[in-house]
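Novice:
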Amino acid sequence: MSPLQALGNNPSCVTCFTVIFSCKVYLYLGCYSPREPLGVPGALCPAGGCGPALRVGGDRHVGVCFPGSSPVTGPKAVRGQERGSLAVQCRYTPGWESHGKWWCRGADWGNCKILVQTTASEPEVKRDRVSIRDDRENRTFTVTTEELRLDDAGIYWCGIARVGTDHAEQVSVTVDPGSSPVTGPKAVRGQERGSLAVQCRYTPGWESHGKWWCRGADWGNCKILVQTTASEPEVKRDRVSIRDDRENRTFTVTTEELRLDDAG
Numbered sequence: 001m002s003p004l005q006a007l008g009n010n011p012s013c014v015t016c017f018t019v020i021f022s023c024k025v026y027l028y029l030g031c032y033s034p035r036e037p038l039g040v041p042g043a044l045c046p047a048g049g050c051g052p053a054l055r056v057g058g059d060r061h062v063g064v065c066f067p068g069s070s071p072v073t074g075p076k077a078v079r080g081q082e083r084g085s086l087a088v089q090c091r092y093t094p095g096w097e098s099h100g101k102w103w104c105r106g107a108d109w110g111n112c113k114i115l116v117q118t119t120a121s122e123p124e125v126k127r128d129r130v131s132i133r134d135d136r137e138n139r140t141f142t143v144t145t146e147e148l149r150l151d152d153a154g155i156y157w158c159g160i161a162r163v164g165t166d167h168a169e170q171v172s173v174t175v176d177p178g179s180s181p182v183t184g185p186k187a188v189r190g191q192e193r194g195s196l197a198v199q200c201r202y203t204p205g206w207e208s209h210g211k212w213w214c215r216g217a218d219w220g221n222c223k224i225l226v227q228t229t230a231s232e233p234e235v236k237r238d239r240v241s242i243r244d245d246r247e248n249r250t251f252t253v254t255t256e257e258l259r260l261d262d263a264g
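Taking the UniProt record's numbering, the leading residue of the sequence shown gets 1, the next gets one more, and so forth.
1) Go ahead and label T183 buried or exposed: buried means 16 or more other beta carbons lie within 10 angstroms of its beta carbon, across all protein chains shown.
2) What would DSSP say about L260, mapped onto helix, strand or coil?
3) What three-state label does DSSP hand L148 in the structure shown?
4) What does the Cβ neighbour count give for N221, buried or exposed, with the cut at 16 atoms within 10 Å?
5) I need the boundaries of the beta strand (DSSP E) containing A77, first residue and last residue.
6) Should the stretch 101 to 115 be regarded as contacting the stretch 191 to 204, the criterion being three or more beta carbon pairs within less than 8 Å?
7) Check whether the stretch 175 to 195 touches the stretch 124 to 132, taking contact to mean three or more Cβ pairs, one atom from each stretch, closer than 8 Å.
8) What first and last residue would you give for the beta strand (DSSP E) that runs through A87?
9) Kindly identify the DSSP beta-bridge partner or partners of D135.
10) Which term fits G95, buried or exposed, when burial requires 16 or more other beta carbons within 10 angstroms of its beta carbon?
11) Rounded to whole angstroms, what is the Cα-Cα separation between S121 and H99?
12) Taking its Cβ as the centre, do 16 or more other Cβ atoms sit within 10 Å of G168, making it buried, or is it exposed?
13) Run the CB neighbour count on I160, radius 10 Å, all protein chains shown included, and call it buried at 16 or more, exposed below.
14) Give the straight-line distance between the Cα atoms of R259 and R193, rounded to the nearest whole angstrom.
15) Which two residues bound the contiguous beta strand (DSSP E) that contains R243?
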């Protein structure tokens, strides 16, 4: 294998190219990228930047690509716990302070979904559970995801916006199942026309948080029947009441005049 063939097999390039200009052959250390038209000199390879043009004598066309270094770096893999928060810090080199920074999800960074992005005038942005903060003085930007879910696991990219092809670094996110701060009985039984009390316990630190009781197979979409607040530790709605005993870190839900269709 020739040296040129060996360089051409470098996995950091998609397609290498040459450009003829003014009867001279110019060898560009560039690559075709899905985000730029073919033949744009200096286009960015997914794994890093590309160098300047080289002039080659003669009348032969030679295509060579050299791996470059990306101005943005980040952790290869991070891990968080379900219902917790996860912060990912990425760094960048001088000269990119005023460029937008972004965080996107998807195995192919050319088609990934941008979840949050800064701009030159907005160094800190939050969308839903995800926020991004660009610390231009220290040339770092941090992406924080709150209330982690198991399906948040996957491939992400921290990137820098620029004219042409953006710079990006891949980050693999793993989410471990977490332990719940609230516990309760797995099953309870009551009698028609009677009353039923269900007591749940919670760990320290959750005293001032609202407690609720909802019905439905999927707790993410269940119907809340009754709920406390920080200022209302005891609430009653129709036949259902809830009382938060913050001293003992328990809350009790009582249903009166039980019906057969209360089962579920």
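Cβ atoms here follow ideal geometry from the backbone N, Cα and C, with glycine treated the same way. Keep in mind it's a predicted model, so treat the numbers as computed, not measured.
Specialist: If we stick to the structure as given:
1) Residue burial annotation: T183 is exposed, with fewer than 16 other C-beta atoms found within 10 angstroms of its C-beta.
2) Residue state, collapsed to three classes: helix.
3) DSSP, read as helix, strand or coil, puts L148 in coil.
4) Counting Cβ neighbours within 10 Å, N221 comes out exposed, since fewer than 16 surround it.
5) Start and end: A77 to Q81.
6) Taking a cut-off of 8 Å for Cβ pairs, the stretch 101 to 115 and the stretch 191 to 204 do not touch, as fewer than three such pairs fall below it.
7) Not touching, per the Cβ criterion.
8) Run containing A87: L86 to Y92, per the beta strand (DSSP E) assignment.
9) D135 is bridged by DSSP to T140.
10) Classification of G95: exposed, given that the 10 Å Cβ count is below 16.
11) Taking the straight line joining both Cα atoms gives about 10 Å.
12) Before going further, note that residue 168 is Ala rather than Gly in the sequence given. Buried, by the Cβ-count rule.
13) Counting of Cβ neighbours within 10 angstroms places I160 among the buried residues, the total reaching 16 or more.
14) Cα to Cα, the separation comes out at about 6 Å.
15) That run of the beta strand (DSSP E) goes V240 to D245.
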